[in-house]
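There are 4 protein chains.
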Amino acid sequence: MPGNSFGHTFRYTTWGESHGPAIGCVIDGVPPRIALEESDIQVWLDKRRPGQSRFTTQRKEPDKVQIVSGVFEGQTTGTPLALAIENKDVRSKDYGDIKDKFRPGHADQSYWAKYGLRDYRGGGRSSARETAMRVAAGAVARKVLDHILGPGIRIRGALVQMGPHAIDRGQWDWEAVEANPFWCPDAKAAKAWENYLDGIRKAGSSIGAVIEVVAGGVPAGLGEPVYDKLDADLAKAMMSINAVKSVEIGAGLEAASLSGEENADEMRMRDGKIAFLSNKAGGILGGISTGQEVVVRFAVKPTSSILTPRRTVDRFGQDTDIVTKGRHDPCVGIRAVPVGEAMMAVVLADHLMRHRAQCG
Amino acid sequence: MPGNSFGHTFRYTTWGESHGPAIGCVIDGVPPRIALEESDIQVWLDKRRPGQSRFTTQRKEPDKVQIVSGVFEGQTTGTPLALAIENKDVRSKDYGDIKDKFRPGHADQSYWAKYGLRDYRGGGRSSARETAMRVAAGAVARKVLDHILGPGIRIRGALVQMGPHAIDRGQWDWEAVEANPFWCPDAKAAKAWENYLDGIRKAGSSIGAVIEVVAGGVPAGLGEPVYDKLDADLAKAMMSINAVKSVEIGAGLEAASLSGEENADEMRMRDGKIAFLSNKAGGILGGISTGQEVVVRFAVKPTSSILTPRRTVDRFGQDTDIVTKGRHDPCVGIRAVPVGEAMMAVVLADHLMRHRAQCG
Amino acid sequence: MPGNSFGHTFRYTTWGESHGPAIGCVIDGVPPRIALEESDIQVWLDKRRPGQSRFTTQRKEPDKVQIVSGVFEGQTTGTPLALAIENKDVRSKDYGDIKDKFRPGHADQSYWAKYGLRDYRGGGRSSARETAMRVAAGAVARKVLDHILGPGIRIRGALVQMGPHAIDRGQWDWEAVEANPFWCPDAKAAKAWENYLDGIRKAGSSIGAVIEVVAGGVPAGLGEPVYDKLDADLAKAMMSINAVKSVEIGAGLEAASLSGEENADEMRMRDGKIAFLSNKAGGILGGISTGQEVVVRFAVKPTSSILTPRRTVDRFGQDTDIVTKGRHDPCVGIRAVPVGEAMMAVVLADHLMRHRAQCG
Amino acid sequence: MPGNSFGHTFRYTTWGESHGPAIGCVIDGVPPRIALEESDIQVWLDKRRPGQSRFTTQRKEPDKVQIVSGVFEGQTTGTPLALAIENKDVRSKDYGDIKDKFRPGHADQSYWAKYGLRDYRGGGRSSARETAMRVAAGAVARKVLDHILGPGIRIRGALVQMGPHAIDRGQWDWEAVEANPFWCPDAKAAKAWENYLDGIRKAGSSIGAVIEVVAGGVPAGLGEPVYDKLDADLAKAMMSINAVKSVEIGAGLEAASLSGEENADEMRMRDGKIAFLSNKAGGILGGISTGQEVVVRFAVKPTSSILTPRRTVDRFGQDTDIVTKGRHDPCVGIRAVPVGEAMMAVVLADHLMRHRAQCG
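Read top to bottom, the protein sequences are chains S, U, G and R.
Using the numbering used here, you'd call the opening residue of the first sequence number 1 and step up by one each time.
Using the numbering used here, you'd call the opening residue of the second sequence number 361 and step up by one each time.
Using the numbering used here, you'd call the opening residue of the third sequence number 721 and step up by one each time.
Using the numbering used here, you'd call the opening residue of the fourth sequence number 1081 and step up by one each time.
Here is the structure:
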């Protein structure tokens, strides 16, 4: 089974290359009679759009989404939504000098090994440009969640670490997130990151980051044990985002160092409902949501497109060196924030409908 | 789509509860004409089997596997393999006093929220007993890998951290792994862990751990971008194991702190083949294997079954306290080592056949 | 993706060979809290069981089903149901003389071509013995339909043609169906068939048949256009039954000869609901149920196991002749009736839950 | 799981409505390095294109296909192919007077029951316009078959019955098929059909038909028992085409009337290979191809769009009458011929890659 689709009941398939005429997706399984227009999707795409500050790639893409099918008289029809975005700012000549060389840290060598050819223009299909379609699908998924549950689920992402510099979690302020170019919830850290990232950027270097995505209002009961656990599908969703190298749920890696006493999220009844006294579990136990906030974190590696020459080989089997020019992000983690939010939305919408299939 | 299956071309489905008459699985898609007998599977089950040292649960399960279908005259037929293991040492009465209480950190409350009932005997379906069938499927997956590629892929796991105590990676010795009850590659650390874990065990407490699984000999080209990336499927596979809270590939979480220069795995030709000068990528770029070792790490939380009373609620909505007696692992991470190896084998076998479908 | 599973939300996987120790299945996706015991399944298996009259194979199989997992305290748990039936009356020596020869009309040659080996004992996996598990899954599917909709869907099958002898549809009487060994709704035809089939049986020959399955009470709206249409999935379900060579919906093949005027099922309101004035469509339009009776017919070829010698070849590439002894059905169509009913139930349960996922 | 995709390893998903801006599909799993350009697809679309004779709808659609992604420098890349066709000749006003009425024999009522709304313009998603994308996917599937096997598989379709008028199978001539507007292999029958269909057309009526699709050169061994049998998947593929009401394999419905002796396709060795002396099986035994020609037949009902008024109801629950004007086919079966060929190609490509996954 080929790999360009995600989800089972809410299922989308993406297509398109970084430097082809357009990118797009087909979303199948969307419930009928949801009011949907392009602006409902555009608002999220605008969060991910490049070129909004000096800290992201300078490629100028308006990323205007079109709904090509699946909506009739302003409502979803229950048949496939087709979405498309034209590629506008394509400069393929930037890539001419690397067409035969494998960039270290990129997918060049592995695509070549798998397919015996590759679209070297901007990475072709392996480009992070594909994530625009994740954001579009995520926008539709949010509409589905609200349609089925009523407004209630709130999905928010934040950059919690840039390079070695983590935020002070005691300073977490969701309002700060929209007030700086990093989606950083700690205003003071955001300030410090500006200088830090300017240094990286001017040096033609790059740096990694950690993103946290939190979904509030998720009802208890979502997730399909034992393989399609909610956390397992979130892990797959996040790890499938370009450059992601780790995924954590709740306490995550730190859980290894905890005792059973520390790790157990105790419970008490509050106003007739279960209240947990902590959330080490990240809102998921046995692969099923508990009703607490679902908390996922993922680490993004630094962009491999840097100005310092690196040793590599070319497709003819010769040693060589490489410098990647083009237009790139000094910290791709920044633009991964809305992508992570979108994947959370997609996983929740899929599991909500899967749960509804079996349990009503 | 229900959640008790894993894989697409090599696909298995597990069934059975901790305290039912048996557990089992059906493996579909196994190539025909592979020599297979029960001992090929038993050898791996014996690694996971409980009660082999004082550091794992004292439940006595011989875990003798039976091949019930799919083998004829000693060879796989290409039709479904059915495997089963009888449950022998079932003490359901141990669970009588917790049948109405939700154990913190367990799946009790979330299963109840999802299904409106639960099999409280040993956790029913949410029990780690299910992982025996992962190990069995993994054993068959190893045979498939060898059948298609010839011997070459070597999958090995190790415990690299117990509680806060990490190994010294400079002391890594694969031979040490089999020589201590923890699958620890650092003999000195293993020695120290004995006392440490005895303390935990005697206190009726528990502790988390980190496991690393390494697959050598994996050919370049496996993985299906962009959603069924090899690392995305490994993340799902590992996160679906009971108690896992994080998954890392290669440099993992540390990649967030690296610069682009540090993170790029440079290449040089060696003897006509590409040699990488480092492996921050963990053997996967763009979701496709590079030919380097595939490296996955995952953190396991501490068992939630502890002797210290914890605050909780019962299914009638009353506050109460709970102590979990039963027979449990002070560090479930130990027995997760062969399970992690098995999931690696299953993911690789599935992706090898998927690759063969498309690329020949 | 391997082929031993059926369905998406109600999904089952079968395993086992005709002459192995047992056959079984795993049913995943069953809603929780349905009262279920073995007798709920046994009642349908008893309809299919061989050896009940002189007109079916004399193999004596009690076909006692066991529920091995997925039921707790008399209720489904929402986790996988595992069902198994032991094979009791296995006479593999009957097959010794055909182990190297390809029986014409059997799957011997095609299995050999695909897998390079075959389990010649009773056809191994290609045996109609597998259909016992379809009947078991169908029994559970019926429980699911009633659980979700309340009692209302009624699925009934009948033999409407034996060899060239069709029933008189004007004589259709559902009560007659249970009163003869053929599930024939035309008592007079059934009487005539007795002599006819005795002749076939005594000659060591065999004959084909046509089966009709009707589901009443199916709500309008089931089916997923455009590929997973309700009729498309019924066609697949029925064609996957051993020996089936055609599938028709409603008017079926006869629709080719109709004019648009004749074929249009006109509508009128009756008591506030849509009443169709005919049912050429067989209850399905555009792949979606209309609320009328869903009507499927399928033709079954004659058993290929006959006493007249046939020309064939063996696996060594030599011409030879063959006579199939063993114990066989002179008209396998008879025992296909409960199997067709079961497949109808499975398809409806799957589509009901799929519909619920998307449309609530 | 939503229903707008077909296939597992060769998997395509279609989108678009009859009167929307465009229709399209995404084909995933195509092997890399296949030379492919738009004209390779266009040649098959031109066979299906409407308005080529007075016997098909007069809607004028050039049906020019565009490859939007998945091809680089003239070769498939192994990543998703996106294809699109603009809708040019849309006259939605034709449908204004039927927007609230359910046309008998159409999907109007069932779509309404399922989704609670419908795109009444030309049937929206339920329109046979969707089949253009099946033909496009089929064109790519043919390239895949040739790429993997070398030229060898030949898929051809023919109209073998129009209304009650069947061809004389003794007159079958494949060359005649291209020489008349009906794809009829019997030149004499084709001549007679002209007058017959003119009468139907002028009366504003319509008539059904039977199509036969034959694939020669199919290697033995394709098909995945027991549910994804080659014939089961062909049955689903053909039944999913608009207006199809029956599917037969080989002898099909006639097999019901045959004796075991008549039905057994005997074998002899010829030039070192197995030669079958007849093909009642239609090239498939036990769900697996035998190496003989694969033969499928399907019946298409008459178009429901006719000029004679029919009784119906509207969406407000009122009785009414309806006349369907628009532009329609007097015998949609004609244009179903290339669609049936395409579905055969898609099923074979999918099963060829599935077989390769498991058996190499």
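Note that the Cβ used here is the ideal one computed from N, Cα and C, for glycine as well.
Since we're looking at a predicted model, the values are computed, not measured.
Looking at chain G, is there any beta carbon in it that lies within less than 8 angstroms of the beta carbon of residue i?
{"i": "His1186 of chain R", "result": "yes"}
So, is residue i buried or exposed, given that buried needs 16 or more other C-beta atoms within 10 angstroms?
{"i": "Gln881 of chain G", "result": "buried"}
{"i": "Phe902 of chain G", "result": "buried"}
{"i": "Gly283 of chain S", "result": "buried"}
{"i": "Lys503 of chain U", "result": "buried"}
{"i": "Ala676 of chain G", "result": "Summary: the structure shown does not reach residue 676 of chain G, with chain G confined to residues 721 through 1080, and so no result is reported for it."}
{"i": "Gln1132 of chain R", "result": "exposed"}
Does any CB atom of chain S fall closer than 8 angstroms to the CB of residue i?
{"i": "Leu613 of chain U", "result": "yes"}
{"i": "Phe1152 of chain R", "result": "yes"}
Please check if any C-beta of chain U sits within less than 8 angstroms of the C-beta of residue i.
{"i": "Thr1439 of chain R", "result": "Checking the displayed sequence, the identity of residue 1439 of chain R turns out to be Cys instead of Thr. Yes, Cys1439 of chain R lies at the interface with chain U (some Cβ there is under 8 angstroms from its Cβ)."}
{"i": "Thr851 of chain G", "result": "no"}
{"i": "Arg1198 of chain R", "result": "no"}
{"i": "Val746 of chain G", "result": "yes"}
{"i": "Glu737 of chain G", "result": "yes"}
{"i": "Asn724 of chain G", "result": "yes"}
{"i": "Ala802 of chain G", "result": "yes"}
{"i": "Phe55 of chain S", "result": "no"}
Say whether chain R places a C-beta atom closer than 8 angstroms to the C-beta of residue i.
{"i": "Thr369 of chain U", "result": "yes"}
{"i": "Met361 of chain U", "result": "yes"}
{"i": "Arg1074 of chain G", "result": "yes"}
{"i": "Lys88 of chain S", "result": "no"}
{"i": "Thr324 of chain S", "result": "no"}
So the candidates are the options; which of them puts its Cα closest to the Cα of residue i?
{"i": "Val1306 of chain R", "options": "U:Phe366, U:Gly389, U:Cys385", "result": "U:Gly389"}
{"i": "Leu942 of chain G", "options": "G:Asp953, G:Ala742, G:Lys965, G:Ala833", "result": "G:Asp953"}
{"i": "Gly250 of chain S", "options": "S:Ala237, S:Glu212, S:Asp119, S:Lys236", "result": "S:Glu212"}
{"i": "Leu801 of chain G", "options": "U:Cys385, U:Glu608, U:Gln652", "result": "U:Cys385"}
{"i": "Ala635 of chain U", "options": "U:Glu653, U:Ser619, U:Gly620, U:Gly647", "result": "U:Glu653"}
{"i": "Gly1204 of chain R", "options": "S:Arg129, S:Val71, S:Pro151", "result": "S:Val71"}
{"i": "Leu997 of chain G", "options": "R:Phe1378, R:Met1081, R:Thr1392", "result": "R:Thr1392"}
{"i": "Gln1398 of chain R", "options": "R:Glu1304, R:Asp1180, R:Ala1429", "result": "R:Asp1180"}
{"i": "Lys114 of chain S", "options": "R:Thr1159, R:Val1170, R:Arg1091, R:Arg1236", "result": "R:Thr1159"}
{"i": "Ser378 of chain U", "options": "U:Ile394, U:Phe370, U:Tyr480", "result": "U:Tyr480"}
At the level of alpha carbons, what is the spacing between residue i and residue j?
{"i": "Val578 of chain U", "j": "Arg716 of chain U", "result": "14 angstroms"}
{"i": "Val425 of chain U", "j": "Ile601 of chain U", "result": "20 angstroms"}
{"i": "Gly700 of chain U", "j": "Thr373 of chain U", "result": "17 angstroms"}
{"i": "Lys562 of chain U", "j": "Ala552 of chain U", "result": "16 angstroms"}
{"i": "Cys1264 of chain R", "j": "His1408 of chain R", "result": "21 angstroms"}
{"i": "Asp991 of chain G", "j": "Ser1369 of chain R", "result": "52 angstroms"}
{"i": "Lys1405 of chain R", "j": "Ala1289 of chain R", "result": "22 angstroms"}
{"i": "Arg409 of chain U", "j": "Met599 of chain U", "result": "21 angstroms"}
{"i": "Gly980 of chain G", "j": "Leu1277 of chain R", "result": "13 angstroms"}
{"i": "Met344 of chain S", "j": "His8 of chain S", "result": "15 angstroms"}
{"i": "Gly1366 of chain R", "j": "Ser846 of chain G", "result": "6 angstroms"}
{"i": "Ala488 of chain U", "j": "Ala467 of chain U", "result": "11 angstroms"}
{"i": "Phe658 of chain U", "j": "Ala190 of chain S", "result": "30 angstroms"}
Measure how close the beta-carbons of residue i and residue j come, nearest whole angstrom, since I'm counting them as under 8 angstroms.
{"i": "Ile1386 of chain R", "j": "Phe1135 of chain R", "result": "That belief does not hold up - the Cβ atoms of Ile1386 of chain R and Phe1135 of chain R are roughly 15 angstroms apart, past 8 angstroms."}
{"i": "Gly825 of chain G", "j": "Ala1315 of chain R", "result": "In fact, because the Cβ distance is near 19 angstroms, the residues do not count as touching under 8 angstroms."}
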